[in-house]
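Participant: The structure is given below, and queries will be raised subsequently.
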Amino acid sequence: MNLMYKSTRGSSELITASEAIIKGMAEDGGLYIPVKIPRINTPLHKIMDFSYCKLANYILKEFLTDFSEDEISECIKKAYSNNFNSEEIVEVKKEGDEFFLELYHGPTLAFKDMALSLLPHLLKTALNKHKITKEIVILTATSGDTGKAALEGFKNIDKTKIIVFYPEKGVSEIQKRQMTTQEGNNVYVTSIEGNFDDAQRGVKEIFNDSKYSEFLDKHNYILSSANSINIGRLVPQIVYYFYTYLSLLKKGEIKNNEKINIVVPTGNFGNILAAYYASEMGLPVNKFICASNENNVLSDFIRTGVYDTHRKFMITASPSMDILVSSNLERLNYYLSGRDEEVITKLMKKLSLDGKYEITQGMKNGLKDFHAGFATDKETYESIKEVYNKFNYVIDTHTAVAYSVYKKYKEKSDDNTKTIIVSTASPFKFTRNVCDSISVGTDGFDDFELINELSKHTGLKVPYSIVELKNKEIIYKNVSNKENMKNVINDFLKV
Ligand SMILES: *Cc1c(COP(=O)(O)O)cnc(C)c1O
């Protein structure tokens with residue numbers, strides 16, 4: 001029997017995993033969730049020796065039940081076998097008492113590669129399965145890393161086209177250059193005037209515009225999403241939480257069934273939600289620690305149960321987390337509400353009308369396994385410096401937010417549970433802030449020259465994928481108006 005998927009807002013019918021991956025988002029504006037989260041019943045020490053890919057197969061087949069095992073393993077092989085800098089795919093480093101889970105060894109140097117290397121293959125397989133001959137158009141709003149990872153994942157994949165919108169202000173020089181130099185015969189990139197929330201709102205509105213979908217359908221195009229609202233992004237992210245746990249078990253760092261803490265630098269709530277799914281599947285987790293930057297809407301929510309977007313949007317040193325409307329929180333709220341679709345529909349309506357909602361006391365009680373905090377930019381820089389001075393280990397600004405929040409938690413709580421700090425980006429993506437934090441002189445150097453400076457001073461090898469960046473031709477120079485996103489799409493599709 002297939003595991004079916006339905007909308008968090010309930011009004012759509014049940015569909016299979018492949019259909020949910022094609023659709024991206026439900027017609028009622030909700031997000032797809034499996035009707036039941038599968039459990040891993042095998043004792044974890046029995047799967048301790050699985051390679052990353054084998055474990056990925058093992059977990060994905062639980063969720064993607066209308067894919068054959070061959071289809072899944074073929075997709076996984078294509079995603080991970082050639083594109084990653086690390087044989088293990090992810091690396092766990094012990095520095096002091098903490099474990100850093102490095103998720104940035106993929107082609108674009110950020111954790112988005114973990115899922116976006118795989119999603120295009122899943123989507124293509126899904127299209128073939130349903131004998132869909134129309135082309136899929138992937139619309140992506142990005143705060144910096146999703147865009148590049150999606151472009152790399154989808155470039156030159158048959159029957160797909162991809163359009164990325166990134167905010168003109170608020171991505172790093174290196175993130176921007178990665179996107180504007182993108183190669184591929186099916187890609188388009190533009191910045192938009194506005195911030196990430198504007199981009200994400202625009203994309204969501206387009207998805208919910210049924211007249212527009214019909215119009216595109218007539219021209220043989222179907223819209224889909226590579227943002228973390230797509231269930232095909234969430235599921236691959238569950239794998240590395242199990243993998244990390246198993247690798248600690250194997251090294252004797254933890255005992256069978258010992259609980260761990262997981263600290264996640266959070267923006268759209270996708271990565272930490274995958275940790276929550278892992279725990280629902282049977283991974284022993286003590287606390288989920290949600291780390292925000294100064295856009296601390298999520299950490300306030302977890303502390304108070306009030307989600308309030310009425311605040312200034314800040315551009316911070318961790319731009320991939322500069323978000324005030326976290327899409328995936330809707331999925332957590334769904335579970336907190338005891339899977340009550342009406343409650344979710346009401347909350348989300350309230351959010352779009354008032355920019356604010358409060359959950360019930362019962363739902364708040366469900367947050368007891370979560371801790372949340374935020375770090376200012378100053379604390380972020382201090383954390384980079386502290387980790388470098390103490391351990392001779394270089395972390396990026398996003399990881400530093402997580403580290404800072406965890407340090408503050410640990411001091412206050414005396415919680416000595418073994419802890420994984422999720423490292424979401426390579427320090428080479430955010431060279432200026434990293435160099436400034438560890439006193440590598442930045443005066444007179446542009447962000448690209450700083451790649452070499454950072455390498456020279458720290459002994460870190462420059463990742464292959466950014467060596468050539470500075471000399472690559474800039475292909476995409478457009479700035480679009482945020483009211484105008486449909487025209488951008490129409491022009492690209494020539495409709
Ligand atoms: C996207 C991103 C995040 C936030 O992840 P969410 O799943 O959106 O919470 C954190 N750090 C980096 C480097 C990212 O690219």
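In terms of the numbering used here, the sequence shown has 126 at position 126, counting the first letter as 1, and numbering is strictly consecutive. Backbone N, C-alpha and C define an ideal beta-carbon position, used for all residues, glycine too.
1. Using 8 Å as the threshold, is the C-beta distance between I138 and K159 below it?
2. Say yes only if the C-beta of A110 is nearer than 7 Å to one or more non-hydrogen atoms of ligand 1, and no if none qualify.
3. Is I21 helix, strand or coil when you go by DSSP?
4. Do the stretch 404 to 417 and the stretch 365 to 373 meet, that is, are 3 or more Cβ pairs less than 8 Å apart?
5. Less than 8 Å between the CB atoms is what I'm expecting for L123 and S224, so what's the real figure, rounded?
6. In whole angstroms, what is the alpha-carbon distance linking A126 and N490?
7. Whole angstroms are fine: how far does the CA of K486 sit from the CA of I206?
8. Which class does F445 belong to by DSSP, given the choice of helix, strand or coil?
9. Mark Q361 as exposed unless 16 or more other C-beta atoms lie within 10 angstroms of its C-beta, in which case mark it buried.
10. If you check the beta carbons only, do I344 and R9 fall under 8 Å apart?
11. Based on DSSP bridge pairs, tell me the residues matched to F84.
12. Along the chain, which unbroken stretches of the beta strand (DSSP E) at least 3 residues long are found entirely within the stretch 261 to 318?
13. I need the boundaries of the alpha helix (DSSP H) containing E473, first residue and last residue.
14. Counting only the same chain and skipping the five closest in sequence on each side, list residues whose C-beta sits under 6 Å from that of Y188.
15. Taking G106 as the reference, give the member of T424, L234, I451 with the closest Cα.
16. Assuming contact is defined by CB atoms lying nearer than 8 Å, are T181 and I474 in contact in what I supplied?
17. When you compare only the Cα positions, how much space is there between V387 and F215?
18. For F370, list the residues DSSP reports as bridge partners.
19. May I ask which residues mark the beginning and end of the beta strand (DSSP E) holding K93?
20. In the structure shown, what three-state DSSP assignment does S439 receive?
21. List the whole-angstrom C-beta distance separating A275 from I254, where the pair is believed to meet the contact cut-off of C-beta under 8 Å.
22. Output the distance between the C-alpha atoms of I231 and V92, rounded to the nearest integer angstrom.
23. Helix, strand or coil, according to DSSP, for A110 in the structure here?
Facilitator: This is what the structure holds:
1. In terms of Cβ geometry, I138 and K159 do not form a close pair [threshold 8 Å].
2. Checking every heavy atom of ligand 1 against the Cβ of A110, one is found closer than 7 Å.
3. Reduced to three states, the DSSP call for I21 is helix.
4. Yes, since at least three Cβ pairs between the stretch 404 to 417 and the stretch 365 to 373 fall closer than 8 Å, the two stretches touch.
5. The pair is a contact, with the Cβ atoms about 7 Å apart (cut-off 8 Å).
6. When the Cα atoms are used, A126 and N490 turn out to be separated by approximately 25 Å.
7. Taking the straight line from one Cα to the other gives about 7 Å.
8. It is coil, neither helix nor strand.
9. So Q361 ends up on the exposed side.
10. Yes; because the gap between Cβ atoms is below 8 Å, this pair is in contact.
11. As far as DSSP is concerned, F84 takes part in no beta bridge.
12. Runs found: 285 to 292, 306 to 308.
13. Following the DSSP letters along the chain, one finds E473 in no alpha helix (DSSP H), marked with neither H nor E.
14. Non-local C-beta neighbours of Y188 in its own chain, meaning closer than 6 Å and more than five positions away in sequence, comprise I163, F492, ordered along the chain.
15. G106 has its Cα closest to that of T424, out of T424, L234, I451.
16. Between T181 and I474, the C-beta spacing is below 8 Å.
17. Approximately 53 Å, taken between the alpha carbons.
18. Assignment of beta-bridge partners to F370 by DSSP yields F288.
19. Going by DSSP, K93 is part of the beta strand (DSSP E) stretching over 91 to 95.
20. If DSSP states are grouped into helix, strand and coil, S439 belongs with coil.
21. Not a contact, Cβ separation roughly 16 Å.
22. Looking at the two C-alpha atoms, the distance is approximately 26 Å.
23. Residue state, collapsed to three classes: strand.
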